[in-house]
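Below is one structure, written out as C-alpha cells; the observations come after it.
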Ligand code: KIV
C-alpha cells in the first residue's frame, strides 16, 4: 500500500481525496477551530481539517452540538482557513441550517464558502436530507456525508452509543452510503459503527470513507484535535488514541507562571525595556 501518492506540498482538493482512495492511501483528518492550531496542524502534514460543530463542545462548553450557530461556525472556519496552506478545509453545517429545507441548505452552504473560505461542507444524515444535499451540490459545493452516530440527532437517539449494531440499521446505513455516493458526495464520515460494517461500506464505495470509532477498514480517520492532544482529560472513549498529554503541560506552565508573577521573579531584568 502506497504512503505518498499525493504531493506533500500541493494543496489538497476533493480530487486528491479521489486519487488517494484509488491508490489505497489513507486520509488523515483532524478538527480545528482557530488560526494558531490550524497552522500547527497544517505544518504536521494533515490531509484535511474539519471545522466540526464539535466546536460547540470543545470551544464553547455546551453539552451537545445543537446550540452552535451558522455565524459562529463561519467565524471558526474563517480563523482556520487563514492558518491553512495545504490541507482541504471542510466545515460542518450546524443543526437547523439544512434539514428539511433545500433552499435554506443552499443559502447556508453558500454563506459558509463565501464568508469563511472553507472548500467543502459536511452534513449529517442520509435519505432524510437528500434534497438538501442535491441542492448544495447543484451549486458546485463539495459535500462530505456523515452517517452512523450523528450527534445532531442526540435527542432522537438519546445516547452517544455505537450505532448500526442491528441488521436493519446496518442495511439502512449501507443504502444511505450508496445514495450519498450516487448523489455526488466526495467523501463520507462513518462515526461509531462496528468495524466490520465500516469496512464493508468502505469496500462497496468508490468515494473515501473517513472513520471515527469505526475501526481500521475505512479509507481515513478523523479525531477531535483537543481529544487527541490530551487537552480534554475527562473524555476517554475506547476509540480515542492520545498523541500528546498537553492538558497537564499547559496547567503546569500556568502554575509556574503564576508562582513567578507572585514571587516577582517574572519579568526579570532581561525581560523588560
Ligand atoms: O463535529 C465533529 O467534530 C465531527 C467529527 C467527530 C467527525 O463531526
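Numbering (the numbering used here), first residue to last: 35 to 307.
The beta-carbon is built from N, C-alpha and C at its ideal position, and this holds for glycine as well.
As the structure is a prediction and not an experimental result, all values here were calculated from the model.
When the options are compared against residue i, the one with the closest alpha-carbon
{"i": "residue 141", "options": "105, 161, 120 and 113", "result": "105"}
{"i": "residue 93", "options": "265, 245 and 153", "result": "265"}
{"i": "residue 204", "options": "186, 233 and 217", "result": "233"}
{"i": "residue 126", "options": "286, 40, 87 and 134", "result": "87"}
{"i": "residue 164", "options": "120, 226, 210 and 288", "result": "210"}
{"i": "residue 172", "options": "259, 186 and 139", "result": "139"}
{"i": "residue 212", "options": "107, 89, 193 and 180", "result": "180"}
{"i": "residue 133", "options": "152, 95, 184 and 246", "result": "184"}
{"i": "residue 90", "options": "249, 60, 251 and 129", "result": "129"}
{"i": "residue 249", "options": "262, 272 and 259", "result": "272"}
Inter-residue spacing [alpha-carbon to alpha-carbon] between residue i and residue j
{"i": "residue 174", "j": "residue 71", "result": "29 Å"}
{"i": "residue 162", "j": "residue 80", "result": "32 Å"}
{"i": "residue 122", "j": "residue 76", "result": "10 Å"}
{"i": "residue 170", "j": "residue 299", "result": "57 Å"}
{"i": "residue 166", "j": "residue 200", "result": "28 Å"}
{"i": "residue 155", "j": "residue 202", "result": "28 Å"}
{"i": "residue 52", "j": "residue 83", "result": "17 Å"}
{"i": "residue 198", "j": "residue 296", "result": "55 Å"}
{"i": "residue 301", "j": "residue 68", "result": "29 Å"}
{"i": "residue 182", "j": "residue 267", "result": "25 Å"}
{"i": "residue 195", "j": "residue 42", "result": "36 Å"}
{"i": "residue 229", "j": "residue 112", "result": "34 Å"}
{"i": "residue 274", "j": "residue 307", "result": "46 Å"}
{"i": "residue 100", "j": "residue 74", "result": "28 Å"}
{"i": "residue 153", "j": "residue 95", "result": "27 Å"}
{"i": "residue 255", "j": "residue 244", "result": "5 Å"}
Short Cβ contact (8 Å threshold) for residue i with residue j
{"i": "residue 231", "j": "residue 207", "result": "yes"}
{"i": "residue 103", "j": "residue 188", "result": "no"}
{"i": "residue 46", "j": "residue 85", "result": "no"}
{"i": "residue 178", "j": "residue 223", "result": "yes"}
{"i": "residue 48", "j": "residue 220", "result": "yes"}
Buried or exposed (CB count within 10 angstroms, at least 16 for buried), residue i
{"i": "residue 242", "result": "buried"}
{"i": "residue 236", "result": "buried"}
{"i": "residue 304", "result": "exposed"}
{"i": "residue 293", "result": "exposed"}
{"i": "residue 159", "result": "buried"}
{"i": "residue 35", "result": "Unreliable positioning characterises residue 35 in this predicted model, as indicated by a pLDDT of 44, which lies under 50. The coordinate reading is nonetheless provided below. Exposed, by the Cβ-count rule."}
{"i": "residue 150", "result": "buried"}
{"i": "residue 50", "result": "buried"}
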